[in-house]
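K.L.:
Numbered according to the UniProt record's numbering, the sequence shown spans residues 1 to 662.
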Amino acid sequence: MNIPRLRFPIKTKLTVATLIPLGIAILICWMAGVFILSAKVAAQAQEKVRYDLSVAREAYLNELTRLYDAVKLSASFGRTAETVAAADQHALAATLAPVRKSEHLDILAAVDASGKVIFRANNPRQFGDEKLRNQFVARALKGELVSGTTIIPTGELALEGEELVRQAHVTVTGTRSDPTPPAPLNGAMFLFVAAPVRDPAGNVVGALYGGVLLNNNKKLVDKIKNVVYEGAKSNGRDVGNSTIFQGDVRIATNVPNTDGSRAIGTKLSAPVYDRVLLKGAKWVGRAFVVNDWHLTAYEPILSLQGVPIGALYVGMLESHYSAVKTDMAVLLSFVLLLSGLTGVSMAGFLGRKLAQPIKELELLTRRVAAGERDVKSNIDSRDEIGDLAERFNDMSQSLAEREDSIIELNRNLEQKVQLRTAELEEKNRLLVQTREELVRVEKLAAIGELAAGVAHEINNPMAIIRGNTELLQLSVPEDAPNREEVDTIFQQVKRVERIVSNLLKFARREQMERGEVRLNELLHEIVGQLGHQVSLEGIEVLELYAEETAVIEGDEDQLRQVFTNLILNAVQAMPQGGALCIRSAPVGSGDHYEVKISDTGVGIQLENLRQVFNPFYTTKANGTGLGLSVSYGIIREHGGCIDVESVPGRGSSFTVLLPCEH
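1) Could you check if residue 80 is buried or exposed, using at least 16 other CB atoms within 10 Å of its CB as the buried criterion?
2) Since residue 539 contacts residue 571 with CB under 8 Å, what's their CB separation in whole angstroms?
3) For residue 64, which of 132, 148, 118, 100 has the nearest alpha-carbon?
4) With 16 other CB atoms within 10 Å as the buried threshold, where does residue 648 fall?
5) In the region 131–207, which residue ranges form an unbroken alpha helix (DSSP H) of at least 4 residues, counting only runs that do not cross its ends?
6) Quick one: what's residue 598 bridged to in DSSP?
7) Can you check whether the CB of residue 129 is closer than 8 Å to the CB of residue 116?
8) From the DSSP output, which residues share a beta bridge with residue 234?
9) Under a Cβ-count criterion, where at least 16 other Cβ atoms within 10 Å of its own Cβ denotes burial, should residue 133 be classed as buried or exposed?
10) Taking a contact to mean a Cβ-Cβ separation below 8 Å, would you say residue 71 touches residue 210 in this structure?
11) The beta strand (DSSP E) spanning residue 294 covers which residue range?
12) So, residue 221 versus residue 242, is the Cβ gap smaller than 8 Å?
13) Does the Cβ of residue 196 have 16 or more other Cβ atoms within 10 Å, making it buried, or fewer, making it exposed?
14) For the beta strand (DSSP E) that residue 127 lies in, which residues bound it at each end?
15) Under a three-way DSSP split, which group does residue 627 fall into?
16) Looking at the structure shown, is residue 356 part of a helix, part of a strand, or coil, going by DSSP?
17) Can you give me the C-alpha to C-alpha distance between residue 653 and residue 559, rounded to a whole angstrom?
18) Where does residue 52 land, buried or exposed, given buried means 16+ other C-beta within 10 angstroms?
19) Which class does residue 90 belong to by DSSP, given the choice of helix, strand or coil?
20) Quick check on residue 69: buried or exposed, where buried means 16 or more other Cβ atoms within 10 Å of its Cβ?
21) Look at the alpha carbon of residue 185 and the alpha carbon of residue 170, and state the distance between them as a whole number of angstroms.
22) By DSSP, does residue 645 sit in helix, in strand, or in coil?
23) State the Cα-Cα distance for the pair residue 526 and residue 423, rounded to the nearest angstrom.
24) The alpha helix (DSSP H) with residue 253 in it runs from where to where?
25) Return the chain-ordered list of same chain residues with a C-beta closer than 6 Å to the C-beta of residue 143, the five sequence neighbours on each side being excluded.
26) Helix, strand or coil: how does DSSP classify residue 592 here?
27) According to the neighbour-count rule (16 or more other Cβ atoms, all chains shown, within 10 Å of its Cβ), is residue 255 buried or exposed?
28) Should the region 478–498 be called in touch with the region 562–569, which here means at least 3 C-beta pairs below 8 Å?
29) Straight-line CA distance for residue 665 to residue 330?
30) Label residue 225 either buried or exposed according to how many other C-beta atoms from any shown protein chain fall within 10 Å of its C-beta, with 16 as the threshold for buried.
31) Pull up the distance between the alpha-carbon of residue 576 and that of residue 536, whole angstroms please.
32) Label residue 635 either buried or exposed according to how many other C-beta atoms from any shown protein chain fall within 10 Å of its C-beta, with 16 as the threshold for buried.
33) Under 8 Å by Cβ, that's how I've got residue 584 and residue 609 pegged, so tell me the actual separation to the nearest angstrom.
34) Among 275, 284, 265, which residue has its Cα nearest to the Cα of residue 290?
35) Using only alpha-carbon positions, find the residue among 145, 407, 402 that is nearest to residue 76.
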């Protein structure tokens, strides 16, 4: 089956040829645009998060500055030096309590020159303990105004008030990568300021210290977030968030858990922990924060000695910038798609304009192909298409002239061609027939040599087997239980001997003893002896011989073998009964005689007809496949031929053609 080739109009080819470079250019522009946009957006996002960290740091320091100003002003205010020097708790309460309340300080206390606490505004009942181990207080008593971030141990925090202990409590949660129970936080993180209190002479008579608790300080982290991100939202979620870490634990954050609560107590990721808290360096990059990917920035929070004790974090949802990148990519794609559609329209228009004259020429060629003559093109184009139209007109004129001369030549050639074709067909038929006959003869000769060798090798051992089998029959009584098996062996040995005998007949055809053979009498004799070989029950035998006496020159025994084999095959092809017809008649001018043996049996399948004369081909359960091949060879040696016709289910006819006696 020939699959038709796809047809592409020239308009399509011109359009495609225009669109391919345009499409490649658009694709390259789209890929470059998306890459550049992604790179630029990523770079801008990194710069934005760096800037956000700077803004968050300023907001954090502003809170420390507010605390610094409150403590400093309180230390230098009015009679503070006099009340501290006199350890007047009532006066200090009147001075410090309003300041603590108005400035929202978690800690505000006074110590004397020896470092003992005189008064705590947040826990007035607790005083007299020494604070010289606190670096801020110790340096303030030396005359320095000190501010920064520190961690107050839980034991010391209890002196500042049990309420602060409860407020500072953070439950640390574990991580999937570290299933061991987390250790609780030791202490709480504070913004801390200590200022010296000086008398009018400038001598340090004591100090004030104040602090803002960072643990659970929602107000501060929300303030940082609002300053940095100004309440920006995406799909109902805050775009940005901020966090204060004590060590690697979130103690104040607005990063949400999956249930919407603040992720206080969750821990810092290991890579960020190594860089920020162990190495004291900044981290800017993409990180998975609690339950979502963020663009993040971290920087360490240092103690008064410059040791990292925590971290300040700001981050924004990566999906926000991904949406921006997607929007920009969609916009770029829309612009390029619009450009592509415009290009397609222009290419289609130009392709149609260029293809129109070619289409007209194609229609003219169809008219010429349909037999129309004197067809002319009226295309007026000053280009290659115009030249093609002129050549078409020349071709059309030349074609009309040549066609007239060709018609005349064809009239003379037709008769010669018919004559030569008939001769060639006849020669081809004879050639094919000769080739098939040559192949069959070569095959018979080769198989004959093989059969002779095989039969020779089998004969000797079979003679020994038969002799021993006969001895075994003599030694086993007729009524013995094993007698049946011994008889079966003997029968099968005889069958093998028959096969070997047929092989030898096939391989060593005896020298033909020529003599006069009367075919009708020979056929009648074979039919008369047929009943002794096979059962003829249900079979009607018809002998239809020509009145002329048929006498041919040949070997009567060999011909008897051929016709006996054909008649037996016909009878065996009718197991349910039927009609066996044997005809004989002269053929042509009487120089050949024909014998036809027909049956109404099962017939031969069409695909098997060409193989019936091949050696060893048989459809019988006990056949050797040599009968017809031997018969074929005998008839060929007699100068005749044998053929078969068959209709499956209706019977077969074998025809033997032999030359008459001259």
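Where is the CB? At the ideal position from N, CA and C, for every residue including glycine.
P.N.:
Taking the geometry as given:
1) Here residue 80 is taken as the residue at index 80 of the sequence shown, counted from 1. Buried.
2) Translated into positions along the sequence shown, residue 539 becomes position 539. Translated into positions along the sequence shown, residue 571 becomes position 571. Contact holds; Cβ gap of about 6 Å.
3) Against the sequence shown, residue 64 aligns to sequence position 64. The candidate whose alpha carbon is nearest that of residue 64 is 148.
4) Numbered from its first residue, the sequence shown carries residue 648 at position 648. It counts as exposed.
5) 135–141, 154–160, 162–168
6) Taking the first residue of the sequence shown as 1, we reach residue 598 at position 598. Paired residue(s): 581, 653.
7) Locating residue 116 in the sequence shown gives position 116, where the first residue counts as 1. Locating residue 129 in the sequence shown gives position 129, where the first residue counts as 1. Yes, Cβ-Cβ distance for residue 116 and residue 129 is below 8 Å.
8) The residue labelled residue 234 in the question sits at position 234 within the sequence shown. For residue 234, which the question treats as bridged, DSSP gives the partners 237.
9) Counted from its first residue, the sequence shown places residue 133 at position 133. Exposed, because fewer than 16 other Cβ atoms sit within 10 Å of the Cβ of residue 133.
10) On the sequence shown, residue 71 is found 71 positions in, with the first residue counted as 1. On the sequence shown, residue 210 is found 210 positions in, with the first residue counted as 1. Closer than 8 Å, so yes.
11) Here residue 294 refers to the residue found at position 294 of the sequence shown. Run containing residue 294: 292–302, per the beta strand (DSSP E) assignment.
12) Taking the first residue of the sequence shown as position 1, residue 221 is located at position 221. Taking the first residue of the sequence shown as position 1, residue 242 is located at position 242. Contact flag set, yes.
13) The residue labelled residue 196 in the question sits at position 196 within the sequence shown. Result: buried.
14) Along the sequence shown, one-based indexing puts residue 127 at 127. Here residue 127 belongs to no beta strand (DSSP E), and DSSP marks it neither H nor E.
15) Within the sequence shown, numbered from 1, the residue matching residue 627 stands at position 627. It is helical.
16) Taking the first residue of the sequence shown as 1, we reach residue 356 at position 356. Reduced to three states, the DSSP call for residue 356 is helix.
17) For the purposes of this step, residue 653 is identified with residue 653 of the sequence shown, where counting begins at 1. For the purposes of this step, residue 559 is identified with residue 559 of the sequence shown, where counting begins at 1. Whole-angstrom Cα-Cα distance: 18 Å.
18) For this step, residue 52 is matched to residue 52 along the sequence shown. Counting Cβ neighbours within 10 Å, residue 52 comes out buried, since at least 16 surround it.
19) Locating residue 90 in the sequence shown gives position 90, counting from the first residue. In this structure, residue 90 counts as helix in the three-state DSSP scheme.
20) In the sequence shown, the residue the question calls residue 69 occupies position 69. Exposed, since its Cβ has fewer than 16 Cβ neighbours within 10 Å.
21) Along the sequence shown, one-based indexing puts residue 185 at 185. Along the sequence shown, one-based indexing puts residue 170 at 170. Taking the straight line from one Cα to the other gives about 7 Å.
22) As a working mapping, residue 645 is identified with position 645 in the sequence shown. Strand.
23) Here residue 526 is taken as the residue at index 526 of the sequence shown, counted from 1. Here residue 423 is taken as the residue at index 423 of the sequence shown, counted from 1. If I take the Cα positions, the gap works out to 44 Å.
24) Residue 253 sits at position 253 when you count from the first residue of the sequence shown. It is not in any alpha helix (DSSP H) - residue 253 instead sits in the beta strand (DSSP E) that spans 249–253.
25) For this step, residue 143 is matched to residue 143 along the sequence shown. Same-chain partners within the cutoff: 196, 204.
26) For the purposes of this step, residue 592 is taken as the residue at position 592 of the sequence shown. Three-state result, residue 592: strand.
27) Position 255 of the sequence shown, counted from the first residue, corresponds to residue 255. By the 10 Å Cβ count, residue 255 comes out buried.
28) no
29) Since the displayed the chain opens at 1 and closes at 662, residue 665 lies outside it and no answer follows.
30) Within the sequence shown, residue 225 is the residue found at index 225, counting from 1. Result: buried.
31) Working through the sequence shown from its first residue, we reach residue 576 at position 576. Working through the sequence shown from its first residue, we reach residue 536 at position 536. Residue 576 and residue 536: Cα-Cα distance of roughly 11 Å.
32) Taking the sequence shown and counting its residues from 1, the one referred to as residue 635 is at position 635. It counts as buried.
33) Residue mapping note: residue 584 aligns to position 584 of the sequence shown, counting from 1. Residue mapping note: residue 609 aligns to position 609 of the sequence shown, counting from 1. Actually they do not touch by this definition, with Cβ atoms about 23 Å apart.
34) For this step, residue 290 is matched to residue 290 along the sequence shown. Measuring from the Cα of residue 290, the nearest candidate turns out to be 265.
35) Residue mapping note: residue 76 aligns to position 76 of the sequence shown, counting from 1. Of the listed residues, the one whose Cα sits closest to residue 76 is 145.
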